[in-house]
Structures are given as structure tokens and as C-alpha cells.
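Worksheet for the structure shown next.
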Amino acid sequence: MNRTLRAVLGIFFVAVIGVSLLSVTQQLLKHSRLDVTDRKLYTLSDGTREILGGLKQPITVKLFYTKTATMQAPDEIRYYNNYFTYVRALLDQYQKEAGGQLKLEVIDPRPYSEEEMAAIRYGLKRFSISEEENFFFGLVVQTEFGATKTIEFFSPDRQQFVEYDISYLIDTAVTRQKSRVGVLSSLPVMGDSDYMLQMMQMQGQQGRPKWGIITHLEKNYEVTNIPADTEEIKDIDFLLVIHPKDLPEKTQFAIDQFVLGGGRAIVCVDPYSINDMPSRQEMFSGGGDQRSSSNMPLLLKTWQLEMPDMTFAGDRELAAVGAASPNQRPEKILSILKLSSAKNCFNKNSVISAQINDVSTVFAGALKVLDAEPNAPKLEHTPLLMTTAAGNTWTVQNPYELMNPDYAGFMRRFHSGDKPVVMGCQVTGKFLSAFPNGIDITKEPAEGQDKKPSDPNAPATIHKTGLTESASTSSVVVLADVDCISDLVAYQRTFFGMAAVGDNSTLIFNALESLAGSDRLIAVRSRGNYKRPFTVVDQQEARAAEKTAEEESRIVAQISGFQQELNEKIRSLEGENKGELINQTILKEKKDIELKLLDAEKRLREIKMQKRESIEKLKSQMRFYCTIPGPVLTLVIAVTLGIRRGIKRSRSISHASDS
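Quick note on this note's numbering: the sequence shown kicks off at 4 and runs consecutively.
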């Protein structure tokens, strides 16, 4: 047998052994997984394991996915193939952890089949691909006692929350019914009623839809609307207060009594809400309510908190970058903050915010903890959202500054601080009532009843009293921003509906689960939307910007002064009865100012160019370090092995010659 044949046979047998070893390994280790990601993104959380380990009855999980039809479907449908693969792999892990109590069925509902009829019967959403094909991608959980829970459709807005949604479905199917959430707001967060929407559609008008956060709450909770002038809050488990603008005293008293009675509340106040801005017609006419703020100073004081009016949280490092108008260059916008876990903006010791990764705020207020008054119980304040240590507050003199904001001016007036500014806080303890002596409520006579103040049977005012302190430990979560959970910030519209942006909505769901005391679900929910930041690069860019910030601010102030001086000279030229000599002098001064202005603008461009060059230099260095060492190391190893083999070959030849 010649050398070539032996080499070919050797390669063939090595390939056979390799393929056989791979097949055996796949069978033996098909249930083994190694998750090397930083936050174990592909590993079931402890909360899910606890739910599955506590199953006392068998459940059936049916995953419906139109896999056959997606092979020839449009790109927006084929996108879901990878999504389905992820959900299927996740459910395999559920089945493994359930210890035989979970049966998984993967169903491909073909046209006119029993499976398709079952998907329709369960209420799963379907999207038409062709005249015959429908696209399904949903989940059904059934218990042996007949309880059925469904995920109608795995939409993109819930992709980062898939594990939570599945775990919630299993937990609620075997343990409890939906909790009840009451929503009290001065904004139309609940949207128009179905009847009103139909009437407006018939008239060719578009109604107001529900906010995305309300739509998502309705998937897991029973959500009811509470009027802003209510006198009593009952028959709910949680209270969500959004933008409590000018609430009457009786409504504040109802909130106070709900919390003292053991109710849990999330309160979102705001020093300036972009969702409550007056229309341009109201702004120019002076009609309507020009204020866009909401506050409950009396209740906040009872909870030993304060949110000053017209005061906002700011941070140069967290400020978003954007163009205020289409014709302007991007600049840092102090009113929009991009909070990040990489910059320690979330409290890692709270289950609400421990694993939140990014939250955006708009004109967020600042929460200050007040000293307890004499004889008042000491409350525990747990910060949830905060700026970096360089954060500080900034103010405006009146709301008109915010209607046509000068973002560059806000940034120039801002001074960095030395401690974080808190924008979200959880307060826990035994609360005292904000109305210890009760309140007087004016009762309007019933319809058809004469308004006779002297009538003893129809009193105009009654005195209402209630609890003066909470019998047990109570808890409320206060956020100094309303816009962070609105559709403008927390959601974006997609082909399949509203998609969540960042972890803004996650924060609300975390707070609800924490207030409910469900530690198992909070362990799942708090995984959030994980992003791996380039921390070193961000720090280098921040240092580069800091080096030029002072000089840039000084030159911008000079430019502003030159422009003001130039405008004054132009107005002088436009005046009447000016002599020729005076006009020539003004023209010369105008020209000198223009030259100074051009020089200042040139120096500003040079400084910005220096900052950009330092950042580009950093990028080049990082690119070099990430691309060059690998090939160089491979080359060095190859050369070293080649030299080593050459030396061995020479020694072998030398020994053969000697023998």
C-alpha cells in the first residue's frame, strides 16, 4: 500500500471517527447546556425554577407556530423563525425543570385542520399570509382541572419578557386569579370607550387609544378606571396614580385612606409633562390650563418626601444627544436623561430595580427625603432611580421657558453636583394620615331636588373621617416623571402593535410584583432588557468631552455676546437722522464684531474637532487592539511550531547519518 493511499484512508477514518463521536456526544449531552453569558441570559431564573418545582398537578403547554407556511412567507413573518427557535428551546428547559409535571406539545396548524380550529377556539391571534394560510404564534397552558391560560401572540414588544410571560401564565393557571389594578389619572390613559371609538370612526374621526402601559397591564391584571373626583377607592389590590393634576381634596383623602388600609400604590407625579402640554391655540390665546405639572405635596409630605415645583434632575453624563430642530447639529439635551445600569443609576439592593438596565426620563423631577416630624414614625426610603454622582437639579423661572425650550441655554446654566439626584423612591413603614381631622365634603342635591340650604334633610356639607394611621406596614412607590411610561417614551409602534422601548414599562411591572409580594415572579421580571455597554469607551468619551466643555462653554458665551452686540449695531444703522461719519464708524465697528464672531466660531469648531479627533483616536486604538493581536499571535505560534519542527527534523536526519 503506497503512502498516498494510506493518507487518504487515514483522513477517511479520522472523518468517520469524528462524525461518530459528534453524533454520540449530541445524544449523550443533548440536555446539557453551558451558558457563558455575563448575566446567564439563556438560563432559567430562580423564580421560574421555584414555580416549576412547586407544581402539584400536571399541566399541558401547547406551542402553536405555523412553521410550514413561514418558509414561503414575507420577510416580516420569516423573522419569527429565530424567535420560535428561542421559545421552543426555552420550553424544553421548562419541561426538564418541571420534573414530569409539564407536557409540551408543539403544533403546526395547517389550513382546515383540527389544529387550526383549536388555535382559533383558544383565541390565538392569526394573520393572513395567503388566501388559505394563517400565521399563528401563541401559547396555551391547560391544567387537569380545566383552567386555560393563553398568550395570544408572541409579539416583538414582549421578546425580552418571554420567560416572565410564560412563568406568569403557569403560576396564575395553578395558583391564583388576576389581581385588580385601579388607574387614577388626569390624562386620558384609558383611551376612549369602545362605544366612543365606534362613533368617532363612523364620523371619520380617530379616537384616543389606550396607553401601551395600560394595554400591557390588561394582559396580566384586571384594570379598572377610577374617576379623578372619586370619594372612595375600594375593590382593587393596587392603585396606579398617573399625573394627579389638581386632584380635589376628597380624592386625595381617598388615596390616603386606601394606603392606610393596607393598599399598595404607585404614584407618578411630574413637574412638567410633555403629555399634558397645552395646544398652540391655548398657548397664544391664554385660555385653558397653561400648567403641565402634577403634584400631591400634602400626601408626599406625609410620606416624608418632597418634589419642588419647576425643578428638574440633570446630569451631563446622562443627557441624551439629539437635534432640537432639523436644521441644527445634535447637542446634549439636559431634559432627557438616559439612565443606565453601567452608570449606577439603579439601586442594586432593591428587587424593583436590581436588574433594570436602561430607563429614559423626560423633564424628570427631583425627590427629596424630609426629616421626620416630632412623634412621627420613621419611614424607610429606598431610592430606585437616580443620576450619577455628578448629577444636580436645575430650575426655570416660569413654564413659558419650557414651551419653547433653549436646550443649549439649559446646559450652560447647569452646574454638576457631587451626589445623585433621586427620581424614583419606594417608601415603606407605618404611615400617618395627611388628614388626621378628616375633611368636609360638599354634597350636591340629587337631580330634581331643590337647593334649600335651610332644608335639614339635604345638608350641603358633611364631615368625613377615617383612619389616622396604618395598622400594618404600608408601601408606596413614587416616580417623579409621568412621560417615562407614556407611549412617547416607553413604546414605539410596529407592524404588530406597540413595542416596549428599554425598561421603562419593566419598572412598573417590577413595582407591581414587588408590592404584591410575589418574589418568584419578580425574580423573572427583573431580568429586563440587557445590553452590554462599552464602559471603557464611554468613560474615555466622557473625559474627552469634559476637557473641552469649559472652553466650549466660554466661547459659546462669547459668540452669544458678539451676536447681541452685532444686532445692536445693525439697529443703530437702521435709525434715522444719522450722519455719514457716524454711520461709517458704526459700519467699522460692525465689521470688527463680525471678524471677532468669525474667529470665535472658528475656535469653537477647532475645539469640537479636537474632541472628535480624540474620540476617533480612541476608536482606532480599540480597533487595533481588537483586530491585530489575534492574527499576530497566530502567526507567532505558527512560526514557532515551524521552527520547532525544523529543528526536530534536522536532529532526526543528524542521528540517522551518525548511525
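Don't be surprised by glycine CBs; every beta carbon is placed ideally from N, CA and C.
These numbers were taken from a predicted model, which means no experiment stands behind them.
Legend entry - Extent of the continuous beta strand (DSSP E) to which Asp361 belongs: Asp361 to Val365
Inset, instruction - Round the Cβ separation of Ser356 and Lys341 to the nearest angstrom and send it over; I've been treating them as touching at under 8 Å. - result: About 16 Å separates the two Cβ atoms, so there is no contact after all.
Legend entry - Contact belief for Leu337 with Gly317 at Cβ below 8 Å, rounded distance in angstroms: 5 Å
Inset, instruction - For Ser116, count neighbouring Cβ atoms within 10 angstroms of its own Cβ and tell me buried if that reaches 16, exposed if not. - result: exposed
Inset, instruction - From the DSSP output, read off the bridge partner residues of His384. - result: Val430
Legend entry - Distance between Val479 and Val261 (C-alpha atoms, nearest Å): Correcting the residue identity first, residue 261 is Phe in this sequence and not Val. Between Phe261 and Val479, the C-alpha separation is close to 11 Å.
Legend entry - Proximal residues to Ile217 (C-beta, below 8 Å), its chain only, five neighbours per side dropped: Val186, Val192, Met193, Gly194 and Val226
Inset, instruction - Would you check if the distance between the CB atom of Ala72 and the CB atom of Glu136 is smaller than 7 Å? - result: yes
Legend entry - alpha helix (DSSP H) segments (min. 4 residues) lying fully within the region 391 to 422: 403 to 406 and 410 to 416
Legend entry - Rounded C-alpha distance that separates Ala514 from Val270: 11 Å
Inset, instruction - Report yes or no: do three or more beta-carbon pairs, one from the region 194 to 209 and one from the region 241 to 256, lie closer than 8 Å? - result: no
Legend entry - With 16 other Cβ atoms within 10 Å as the buried cut-off, status of Cys348: buried
Inset, instruction - Return yes when the Cβ of Val372 is within less than 7 Å of the Cβ of Ile339, no when it is not. - result: no
Legend entry - CB contact flag (Glu155, Lys128, <7 Å): yes
Inset, instruction - Label Gln495 either buried or exposed according to how many other C-beta atoms from any shown protein chain fall within 10 Å of its C-beta, with 16 as the threshold for buried. - result: exposed
Legend entry - Length of the line joining the Cα atoms of Ser623 and Ala603: 30 Å
Inset, instruction - For Leu387, count neighbouring Cβ atoms within 10 angstroms of its own Cβ and tell me buried if that reaches 16, exposed if not. - result: buried
Inset, instruction - Would you mind giving the Cβ-Cβ distance between Arg91 and Leu66, rounded to the nearest angstrom? I have them listed as a contact below 8 Å. - result: 7 Å
Inset, instruction - Evaluate Val485 with the Cβ neighbour count: other Cβ atoms within 10 Å of its Cβ, from every protein chain shown; 16 or more gives buried, anything less gives exposed. - result: buried
Inset, instruction - Just tell me which of Ile14, Lys253, Arg615 and Thr151 has its CA closest to the CA of Leu302. - result: Lys253
Inset, instruction - For Val22, count neighbouring Cβ atoms within 10 angstroms of its own Cβ and tell me buried if that reaches 16, exposed if not. - result: exposed
Inset, instruction - Starting from Asp197, follow the alpha helix (DSSP H) in both directions and report where the run begins and ends. - result: Asp197 to Met205
Legend entry - Under the three-state DSSP convention, the category Ala357 falls into: coil
Inset, instruction - Please report how far the alpha carbon of Gly559 lies from the alpha carbon of Val424, in whole angstroms. - result: As written in the sequence, residue 559 is Val, which differs from the Gly given in the question. Whole-angstrom Cα-Cα distance: 27 Å.
Legend entry - Cα-Cα separation, Phe16 to Gly149: 57 Å
Inset, instruction - Within the same chain, show all residues whose beta-carbon is closer than 7 Å to that of His219, passing over the 5 residues directly before and after it, in chain order. - result: Ser508
Legend entry - Length-filtered (4 minimum) alpha helix (DSSP H) runs lying within the region 69 to 115: 70 to 73, 78 to 81 and 83 to 100
Legend entry - Ser473 versus Thr153: straight-line alpha-carbon distance, rounded: 38 Å
Inset, instruction - Look up Gly325 in the DSSP assignment and say whether it is helix, strand or coil. - result: strand
Legend entry - Three-state secondary structure assigned by DSSP to Lys222: helix
Inset, instruction - Determine which residues share a DSSP beta bridge with Ala502 and list them. - result: Gln495
Inset, instruction - Sort out for me which residues DSSP pairs Glu309 with in a bridge. - result: Lys371
Inset, instruction - Could you work out which residue in Asn85, Gly141, Tyr125 and Glu53 is closest to Glu100 when comparing CA atoms only? - result: Glu53
Inset, instruction - Specify the secondary structure class of Leu469 as computed by DSSP and reduced to three states. - result: The sequence given here has Gly at residue 469, not Leu. DSSP places Gly469 in coil when its eight states are reduced to three.
Legend entry - Nearest residue (CA-CA) to Ala122, options Gly141, Ala392 and Glu404: Gly141
Legend entry - Extent of the continuous beta strand (DSSP E) run through Phe148: First-last for Phe148: undefined, no H or E at that position.
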